[in-house]
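A short write-up of the structure that comes next.
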Amino acid sequence: MSQIDTFEKMLASGQDNDMLRFTLGNAYFAAKNYALAAEHFAKAVEHNKEYSAAWKMLGRSHASLEQYTDALAAFDDGMAVANSNGDKQTVKEITVFRKRVVKQLESD
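Counting in our numbering, the sequence shown runs without a single skipped number right up to 117 at its last residue.
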């Protein structure tokens with residue numbers, strides 16, 4: 010049974026929380042299934058609006074799907090959360106990913 014299968018089984022059994030959704034999102038992102046990754050990261054931030062890493066990965070998933078406006082919105086929300094939480098590393102990472110999205114939007 011794959012990691013994704015294991016976590017999907019947990020979700021199907023009624024376990025649903027921000028950490029499970031984040032973990033599933035990461036597994037789908039690693040498998041390059043960005044649409045499902047985005048779905049699970051979105052659920053993670055629904056469960057916990059203060060989950061800056063989930064916001065970052067939601068933005069990355071949208072960017073990978075070339076949904077640049079959605080990516081920018083997720084990065085902006087994530088940046089606000091990370092700043093309010095004092096999560097400096099996530100702020101730095103989001104800044105880098107956000108700049109790439111802005112550059113892409115400017116070139117379109």
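Ideal placement from N, C-alpha and C gives every residue a C-beta, glycine not left out.
Endpoints, the alpha helix (DSSP H) within which residue 63 is located: 61-73 is the extent of the alpha helix (DSSP H) around residue 63.
Unbroken alpha helix (DSSP H) run spanning residue 36, endpoints: Its alpha helix (DSSP H) spans residues 27-39.
Same chain only: Cβ atoms within 8 Å of residue 84, ignoring 5 sequence neighbours per side: If we look at residue 84 and ignore the five residues flanking it on each side, its Cβ neighbours are 64, 65, 68, 103, 106, 107 and 110.
8 Å Cβ cutoff met for residue 32 and residue 16: With contacts defined by Cβ atoms closer than 8 Å, residue 32 and residue 16 form a contacting pair.
Beta-carbon proximity of residue 62 to residue 71, cut-off 8 Å: No, the pair does not count as a contact, with Cβ atoms beyond the cut-off.
Min CB distance residue 111 to chain C below 8 Å: Annotation note: the requested chain C is absent from the structure, which comprises a single protein chain.
Beta-carbon separation (whole angstroms), residue 77 vs residue 114, contact threshold 8 Å: With a Cβ gap of about 5 Å, residue 77 and residue 114 count as contacting.
Alpha-carbon to alpha-carbon, residue 82 and residue 21: Cα to Cα, residue 21 sits roughly 30 Å from residue 82.
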